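For the record, in the sequence shown the residue sitting at position 78 is 74 according to our numbering, with numbers rising by one throughout.
Glycine included, C-beta positions come from ideal geometry on N, C-alpha and C.
Computed from a predicted model, the values in this text were never measured in an experiment.
One structure below.
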Amino acid sequence: MNGGDDTAATNDKEEAKTNDRIFKLEYRLDKMSSKPNMSQQNINEIEESIKKLKASGSYNPNYRFSEDKTALMLAAEKGLDKVATRLLADDRVDLNMVDVNDRTALKIAEELGRHIVVEPVSISNLRETETTQASGCR
-3 MNGGDDTAAT NDKEEAKTND RIFKLEYRLD KMSSKPNMSQ QNINEIEESI
47 KKLKASGSYN PNYRFSEDKT ALMLAAEKGL DKVATRLLAD DRVDLNMVDV
97 NDRTALKIAE ELGRHIVVEP VSISNLRETE TTQASGCR
């Protein structure tokens, strides 16, 4: 391998590690938030860890885990509604990505009798709409 290949391999490993860690934290956060005895401090610490990892530059919301599944597909498969909602807040999430069985996250959810709510307006469009409505223009 030459230097460029080594750098690419290191970057790929870092991306895999970061995305795996984020998904595990998101999963943990989803499970913790449904427990009444969890302290807000613990929840805040996990949310802060997720933010830092996402800001690290190695985060890819469309990263493919095993069987070419993205985090959104895994959330749909496991019924992790809160994780799916947080993932969908990222404009970079590609809803058209398919796994090795040619299924999107929405198809996976449908097959399992689960639902993923997808807002028809992107975050940037939503902000523009809110600004327009706030100024009284329509």
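Cβ shell of residue i (< 6 Å), same chain only, five flanking positions each side left out
i: residue 123; result: Model confidence at residue 123 stands at a pLDDT of 40, short of 50, so the residue's coordinates are unreliable; what they give is reported in the following sentence. Hits under 6 Å: none found.
i: residue 134; result: Residue confidence is low: residue 134 scores 33 on pLDDT, short of 50, so the model does not pin down where it sits. No coordinate-derived value is stated.
i: residue 2; result: none
Neighbourhood of residue i by C-beta distance below 7 Å, restricted to the same chain and skipping five residues each side
i: residue 60; result: 66
i: residue 112; result: 72, 80, 101, 102, 105
i: residue 14; result: 49, 52, 54, 55
i: residue 95; result: 63, 64, 65, 69
i: residue 10; result: 54
Whole-number beta carbon distance between residue j and residue i, since they are thought to touch under 8 Å
i: residue 39; j: residue 29; result: 6 Å
i: residue 23; j: residue 68; result: Not a contact, Cβ separation roughly 13 Å.
i: residue 46; j: residue 21; result: 5 Å
Own chain partners of residue i with C-beta closer than 8 Å, once the 5 adjacent residues on each side are dropped
i: residue 97; result: 63
i: residue 132; result: Note that residue 132 scores 36 on pLDDT, short of 50, meaning its location in the model is unreliable and no value can be drawn from it.
i: residue 43; result: 25
i: residue 58; result: 66, 88, 89, 90, 93
i: residue 18; result: 46, 49, 50, 55, 67
Length at least 4, wholly inside the stretch -1 to 57: the alpha helix (DSSP H) runs in chain order: -1 to 29, 36 to 51
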